[in-house]
Structure formats: C-alpha cells, structure tokens
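Residue numbers (numbering that gives the first Met the number 0), protein chains in the order written: chain A, 0 to 653; chain B, 0 to 99.
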Amino acid sequence: MLSLAWLVPVFPLIGSIVTGFFGLRIGKDAVGKVACGSVALSFMTTLIILAGLVMLPEEHRIYEQVVFTWFASGDLVVDFGYQIDPLSMVMMMVVTGVGLIIHIYSIGYMHEEYSYYRFFAYMNLFMCSMLLLVMGNNFLLMFIGWEGVGMCSYFLIGYYFEKKSACDAGTKAFVVNRVGDFAFLLGIMYIFKEFKTIDFTSVFAAAPNTLIYGGEAVTLITLFLFIGATGKSAQIPLYTWLPDAMEGPTPVSALIHAATMVTAGVYMVARCNALFMLAPMSMMTVAFIGGGTAIFAATIGMAQNDIKRVLAYSTVSQIGYMFLACGVGAFTAGIFHLVTHAFFKACLFLGSGSVIHGLHGEQDIRKMGGLKKYQPVTYLTFLISTLAIAGIFPLSGFFSKDEILFHSLVDGNMILWGMGVSGAFITAFYMFRLVFLTFHGESRVDPHVHPHESPKVMTLPLVVLAGLAAAGGLLGIPLIKGAHLLHHWLEPVFSFDMKAALDASAQMMIKEGHHVPAWSHLLEKEEHGLAMEIGLMLLSLVIALSGITAAYFFYIKYPTLPDRIMQGQWGYELVKNKYQVDEFYDATIVNPAIEGSFFLWKTCDAQGVDGAVNGVAKTIAWFSDQARAFQSGFVRNYALFMVVGFIGFLIVVF
Amino acid sequence: MIPLSHYLVLSAMLFSIGVLGVLVRRNAIVVFMCVEIMLNAVNISLIGFDNYTDQVNGQIFSFMVMCVAAAEVSVGLAIVIALFRNKPTVNLDEFNLMRW
Numbered sequence: 000m001l002s003l004a005w006l007v008p009v010f011p012l013i014g015s016i017v018t019g020f021f022g023l024r025i026g027k028d029a030v031g032k033v034a035c036g037s038v039a040l041s042f043m044t045t046l047i048i049l050a051g052l053v054m055l056p057e058e059h060r061i062y063e064q065v066v067f068t069w070f071a072s073g074d075l076v077v078d079f080g081y082q083i084d085p086l087s088m089v090m091m092m093v094v095t096g097v098g099l100i101i102h103i104y105s106i107g108y109m110h111e112e113y114s115y116y117r118f119f120a121y122m123n124l125f126m127c128s129m130l131l132l133v134m135g136n137n138f139l140l141m142f143i144g145w146e147g148v149g150m151c152s153y154f155l156i157g158y159y160f161e162k163k164s165a166c167d168a169g170t171k172a173f174v175v176n177r178v179g180d181f182a183f184l185l186g187i188m189y190i191f192k193e194f195k196t197i198d199f200t201s202v203f204a205a206a207p208n209t210l211i212y213g214g215e216a217v218t219l220i221t222l223f224l225f226i227g228a229t230g231k232s233a234q235i236p237l238y239t240w241l242p243d244a245m246e247g248p249t250p251v252s253a254l255i256h257a258a259t260m261v262t263a264g265v266y267m268v269a270r271c272n273a274l275f276m277l278a279p280m281s282m283m284t285v286a287f288i289g290g291g292t293a294i295f296a297a298t299i300g301m302a303q304n305d306i307k308r309v310l311a312y313s314t315v316s317q318i319g320y321m322f323l324a325c326g327v328g329a330f331t332a333g334i335f336h337l338v339t340h341a342f343f344k345a346c347l348f349l350g351s352g353s354v355i356h357g358l359h360g361e362q363d364i365r366k367m368g369g370l371k372k373y374q375p376v377t378y379l380t381f382l383i384s385t386l387a388i389a390g391i392f393p394l395s396g397f398f399s400k401d402e403i404l405f406h407s408l409v410d411g412n413m414i415l416w417g418m419g420v421s422g423a424f425i426t427a428f429y430m431f432r433l434v435f436l437t438f439h440g441e442s443r444v445d446p447h448v449h450p451h452e453s454p455k456v457m458t459l460p461l462v463v464l465a466g467l468a469a470a471g472g473l474l475g476i477p478l479i480k481g482a483h484l485l486h487h488w489l490e491p492v493f494s495f496d497m498k499a500a501l502d503a504s505a506q507m508m509i510k511e512g513h514h515v516p517a518w519s520h521l522l523e524k525e526e527h528g529l530a531m532e533i534g535l536m537l538l539s540l541v542i543a544l545s546g547i548t549a550a551y552f553f554y555i556k557y558p559t560l561p562d563r564i565m566q567g568q569w570g571y572e573l574v575k576n577k578y579q580v581d582e583f584y585d586a587t588i589v590n591p592a593i594e595g596s597f598f599l600w601k602t603c604d605a606q607g608v609d610g611a612v613n614g615v616a617k618t619i620a621w622f623s624d625q626a627r628a629f630q631s632g633f634v635r636n637y638a639l640f641m642v643v644g645f646i647g648f649l650i651v652v653f
Numbered sequence: 000m001i002p003l004s005h006y007l008v009l010s011a012m013l014f015s016i017g018v019l020g021v022l023v024r025r026n027a028i029v030v031f032m033c034v035e036i037m038l039n040a041v042n043i044s045l046i047g048f049d050n051y052t053d054q055v056n057g058q059i060f061s062f063m064v065m066c067v068a069a070a071e072v073s074v075g076l077a078i079v080i081a082l083f084r085n086k087p088t089v090n091l092d093e094f095n096l097m098r099w
C-alpha cells in the first residue's frame, strides 16, 4: 500500500496539465471537476498510505521509495525519492485534506472568473509542489518543492495581473522569498560538505557523530536553514511579503498563505530536529524570532482594517507560535499547532472570502457590520474558528496553543512564555474585533450592496473546516497519558537521543584535543506536576477570555470609544502603519537596490558595456568608410591598382 | 638565329605599351585593343622561349591564348555594345556602375 506513494503528487500534476493546456476547450465545469478530482484522488491515496503506515510496527514506520536516481556527480548522488514517515504523513494529510476542501470552495468562489482554468492549473501545480516538498527524501528534492510552491505562490498572488498592486505584491513575495531560499541553499551545501550526502535519513543518523554539540558547523547549518524558513514562513525579518500577498484570490490566501505553504518552514525545522537539537544557539534564535514575530505581528493585526490583512498578520503571528514551540524543542507542539492552524485559519480565510463574495468585493471591515443575519452559516463557522484561534476550551486552538505556552515556560524561559501569553491576549482581542466589526453591530454596508449568503459549494467546505477546527484538538489532549495521539504518532521522528549525542560530541572533542564543557545539566529534566499544567491552562483561558471581553467592550458596548481614545495616539499610529517596517526596508534595502540597478543599467551596461561594443563597431565602420574610397567603380582604376600591386610585388621579390 | 633576348625585349615593350594603354586611354575600344596587345606580347615571349628550347609546347600554348583572345573579343565587344546602348558613349570615365 505504501508503494502507492509516488502517485500522490502525480495526480495534481496531471490535473494541472489538463486544466492548464486544455482548460478553455473543456469548459468550466470540466475544469472544476478535473482539478478537484485530482486532489481528491491524491487525498484518497494518502488515506490508503496512512492505513499502510499505521499497520506497520511503530519502530519501522519509515518508508523510502526511490523512483529513480535524479543525478549523480562525484560524491553527490541525488535520488528522486519519497520518504513516508509519521511527520510527512501528517503534512500530507493536511495538504491534501485542506487542499481538497479549498479546491471545492474555489469552484464557487472563482465561478465568475474568465481565467478560471488558469487559477486551477496553478492551484494543482501548487499541490504537486507542496506534496513534493513534504514527501521528498532528501534536501534537494525538498528544495525543488520549496521553489515550486514559491513559484505558484507568485503566480497566484499576481493572478489579477491587470492590477498593478497585485503584480507588485507577487514580485515582492518572490524576491523576499529568494533571500530566504538562498540561505536555505547555502545550508544544503554546508550539509553536503559535512556529511557528503543530502539524504534525510543518512544525514540525521550521522549528525550526532559528525557534528559537535553547539559547534560552529551545526550552528551555521541550522541558522542558514532557519533563515530559509523565515522567508517561506514569513517571520521577522522577512515577513513583509505575506500581508501584501493578500492581493491574490481568497482561496489562494487560505491554501497557500495560511494552511500549507507558509508552514513549510515549520515543517523543515521540525524535519531537521536532529540538527537543531545539536545547536542550542540556533534553537534560541528560532524561539526568540518565533516569539517575537508572534507578538509583533499580533499588534499590527489590531489596527488593520482590511479583513484579509488582519488574517494575514494573524497567520504571521500564529506561525511565530509554531517556531516558538520548535525553538524550545517541543516539535510535536509546533506540528500540532500547524495542523490545527491549518484548519481554523483556512476556515477563517474561506469565511472572509464568503463575506467578500457576499458583499461583491468589499474588504474593508469599516464598511461591514451586522452581517450575522445575512450570512448565518458563514458567521457561525467564522465564530467557531475565531474561538479556536483565540484558544477557548475545548476547541482545537486551545490545546495546541496551550501546549506551546506550557513548553515555552518549562523548556524555555519566562521571557518566551511572556511573549506567547501576551500574544495570546492580543490574538483574542484582534480576532474578536474582526468578528464584532464584521458580523455584529449596526450595518455599515453600502446601501446599494445587498449582502447574501454564499452558495452551498462554498458554505459546505466552511462547515467541514469549522468542524475540524472544533474537533482538531482531540488529536492531542495533553493531560491524559496516551490520549495525546499526535505526540505518540510523531515520537519516532522526534525521539532525539540527547545523551548519546552529547557523548559522541565529547568523544570527538577529546579526539581533537579540546576541553569538554560540563553538559550534564542539559540532561536534567524537571518534572512538572499536573497542577502546573492545569494552572497554565486556566491562565491561558482567562487571558483569552479577557481579550475577548476587551474586544467586546471596545467594539460592541462602546463602539465610538476606540476612535476617541486612539485617534492621534502615536502608539496607535505606529501600529496602524505596521511599524513603518516596509518604509524602513524601502529606504535601506529596496531603494538602494533599485538605484544600484539603475546605475548598473544606465551607466555600466548602457554606457560601459554597450559603449565598448558600439565603439568597436563604430571604429570598424570608420575604417570601412576610408577603405570604401578605393572602390571607385572605374575599371581603369582597378587595373592601376593591379599594376601598382604587381610592381610592388616585383620590387619585393627582386 | 635571333637571340632570345630580342624576343623578350620586344615582348616586354609591347606589354608595357598595352598596360599603359589600358591605364591612360578612355575609349573602351582602345582599352580593349590594348588588352589584345598585352596578350600578343605574351604570345611573342611564349614563341621565343619555344624556339630557344626546341620544343612545340609554346606554340601550342600560344594557339590557346589566341582562342581565349578570340572568345574574349566576342564577349568584350558585346559588353561594349551593351554599354553604348545604356549611354551614348563608350568613354569609360562615364561608367562607374561597379561601385559598391
């Protein structure tokens, strides 16, 4: 059953080819059917593989399938192969499952579009790349998928290419991602230099015996990889592209910029846990960047007025939580939050799409309000997902976020925990601000627009996703032993033997004649009682509720209050203007780069290079002009030249 | 017996006259005749060498030259007539059609 793995990315690829090349000919209905059908086939194949993997004994739950050797050059042998293990299985389920739901939703949402087929061709291509990313058995194949999703993201952000802002957003996403991708590539090269292979299994197995704990090599490798992750997963300092990426159609935002692609960085860090665990400095960086992004993006989200932008900043912030978890070594918690986030954030985005659809393209929450009675299904699903993201018991977000907060305190420190908790408060606040402004209160909708509920093909996916967002937490109920399914499931991937790694490092250091530092304290694990965990749970619940209350107070009870107290406050302006980060980047990096490019273009290229080439041509032309005078057209002149030449010849010879 | 040098001097003088004629005269027909003089100068030197070495190759070759000259005359006069049809003159200074 596991040998079917190679089929999973093939279905969407076929779908993409069919819809892309024959889309106009086969008509809209057929395009929708082919696109969704291919993803559905993929999903079903994934289910079969899941069944196959479950049936294997726990310690053998890793399956590699080499389809062919891609290339071999010296030491570097790269297989085109898939690796099925519990981690990639989770990702495959999320990608194909959520992907399928969003594809179905898109049939309704994109129905009025002329280039319907183009949209689905890119979406299917994205699915194929994303599956390659999570299924690849080596770094390079992962990188191929990584680039593929980046490319599809670029295509889909710029889907409305008649709009300049959409084109610019696409370019921005592409260029910012390129920065991260370059670092990722450097990381892969460094890995090859150290290990002479880029296969996941061989690298991770050899890591403890090759790299010294906390050494320079492993720290650099992991930092490079993490910079790659910050690009793709929109973390500080490379997060600025994600809010702009909201120019794309809403299903794209749901699929690519919330549920799957942007979490690829988390997947990558989790996949490389064997490397990250060896680099405490990198782990600290990951945790602080994650925690910092979580709170930073959340504060920006408080003051945005575009419904999709609020969700975009929320996505950035939630991915920050995932990195925070990974950074303190709680990879399971990170992946758990990835899964639940995929559910509730996809639902939120699709819900916002339904609102936008119902209002004929209005995205400004100041022009919404009171939509509860026009769009009951959308409202209800949106509310469930919002409760989930705010972390209200017993919805999915509560369990996953609480686990992250717990680990950030236990395995991390107070600062990280503080970041997470204040982020949680702000999250609850801005998400409920969004709900209240959109669905509650007086209607501020343009009187010419008549809001209506979306068709079934759109509301049904919402209901399914809301159900998942509500129940997804059951994957990992923390307190009861054995009930944490996800933890148990992922254990083979994340079971890093710290003691063995430290011993191996110590031996290597002795061999090289270095002094071995005292590492014993690293192995000590504090035992935390149930009371602490329950206490933290209650605390985070209280914090979420207080955030919601604050939002209620500001936006339902006294709707005029926010304007009155916020107007003109420098703090509010700062947050509203997104901390001027874009302006800062424009001033320090983008504009100098553009000016530099202009210099290279106008001065170096147009004048220097072209000047040299044209100069040579002009000189030759000048000489030709001189030589042209010889050809007078008079026969007797030619005869004279002949005679002169002959006489000259005679003189030379004799 | 006339020595070889006499033939060669005559040949060289005729050839030089031919060359000068080609270079300085303007009338196409005269230029043409000068070309013929050059050919015949060559014929004289061929026959002189032939006589000097007691062979017949030179004589045979001079017949070749005559044949070529005859063919050349026919083509050349045709060209001159064609020129005259284009412009009512055979003055070569009027014709610079071979220019680039």
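In this text, a Cβ means the ideal position worked out from N, Cα and C, and glycines have one as well. Note that this is a predicted model, so its numbers are computed, not measured.
- Counted as a single uninterrupted DSSP element, the stretch harbouring residue 186 (chain A) is not any beta strand (DSSP E) but the alpha helix (DSSP H) occupying residues 163-194.
- Counted as a single uninterrupted DSSP element, the alpha helix (DSSP H) harbouring residue 132 (chain A) occupies residues 115-134.
- Taking residue 387 (chain A) as reference, the option from A:521, A:294 and A:471 with the minimal CA-CA separation is A:471.
- Look at residue 98 (chain B): its C-beta is under 7 Å from a C-beta on chain A.
- Interface with chain A (7 Å Cβ-Cβ cutoff): residue 22 (chain B) is included.
- Contact between the segment 49-66 of chain A and the segment 78-95 of chain A is present: 3 or more CB-CB pairs across the two stretches fall below 8 Å.
- In the DSSP assignment, residue 72 (chain A) falls within the unbroken beta strand (DSSP E) covering 62-72.
- Neighbours of residue 638 (chain A) in chain B, taken as residues at a C-beta separation under 7 Å, are given in chain order as 21 and 22.
- Identification of chain A residues near residue 18 (chain B) by a Cβ-Cβ cut-off of 7 Å yields 642, ordered along the chain.
- Contact between residue 137 (chain A) and residue 220 (chain A) fails: their C-beta atoms lie close to 15 Å from each other, not under 8 Å.
- Residue contact check for residue 91 (chain B) against chain A: a CB pair falls below 7 Å.
- Residue 280 (chain A) is a Cβ neighbour of residue 218 (chain A), given a cutoff of 7 Å.
- Bounds of the beta strand (DSSP E) holding residue 79 (chain A) are 75-83.
- Think of a sphere of 9 Å around the beta carbon of residue 174 (chain A): no beta carbon from chain B falls inside it, the nearest being about 52 Å out.
- Following the DSSP letters along the chain, one finds residue 144 (chain A) inside the alpha helix (DSSP H) bounded by residues 138-156.
- Using a CB distance cut-off of 7 Å, residue 24 (chain A) does not count as an interface residue toward chain B.
- Using a CB distance cut-off of 7 Å, residue 635 (chain A) counts as an interface residue toward chain B.
- DSSP, read as helix, strand or coil, puts residue 198 (chain A) in strand.
- Secondary structure of residue 26 (chain B) (DSSP, three-state): strand.
- Relative to the Cα of residue 31 (chain A), the nearest Cα in the group A:14, A:42, A:44 and A:45 belongs to A:14.
- Taking 4 residues as the minimum length, the alpha helix (DSSP H) runs contained wholly in the segment 476-536 of chain A are 484-493, 497-510 and 519-522, in order along the chain.
- Just so you know, the alpha carbons of residue 244 (chain A) and residue 176 (chain A) end up roughly 12 Å apart.
- If you look at residue 267 (chain A), you'll find it in the alpha helix (DSSP H) that goes 263-270.
- Contact between the segment 392-404 of chain A and the segment 366-380 of chain A is absent: fewer than three C-beta pairs spanning the two stretches fall below 8 Å.
- Residue environment for residue 603 (chain A): exposed (fewer than 16 other C-beta atoms within 10 angstroms of its C-beta).
- When DSSP assignments are scanned along the segment 16-66 of chain B, the uninterrupted stretches of alpha helix (DSSP H) that are 4 or more residues long and fall wholly within it turn out to be 27-52.
- Apart from sequence neighbours up to five positions away, the residues of its chain that approach residue 461 (chain A) with a beta-carbon distance below 7 Å are 346, 349, 350, 353, 376, 377 and 380, ordered along the chain.
- Pairing residue 286 (chain A) with residue 324 (chain A), the inter-Cα distance amounts to about 7 Å.
- Secondary structure at residue 590 (chain A): helix, using DSSP grouped into helix, strand and coil.
- A residue is called buried when at least 16 other Cβ atoms come within 10 angstroms of its Cβ; residue 246 (chain A) meets this threshold and is buried.
- According to DSSP, residue 90 (chain B) shares a beta bridge with B:26.
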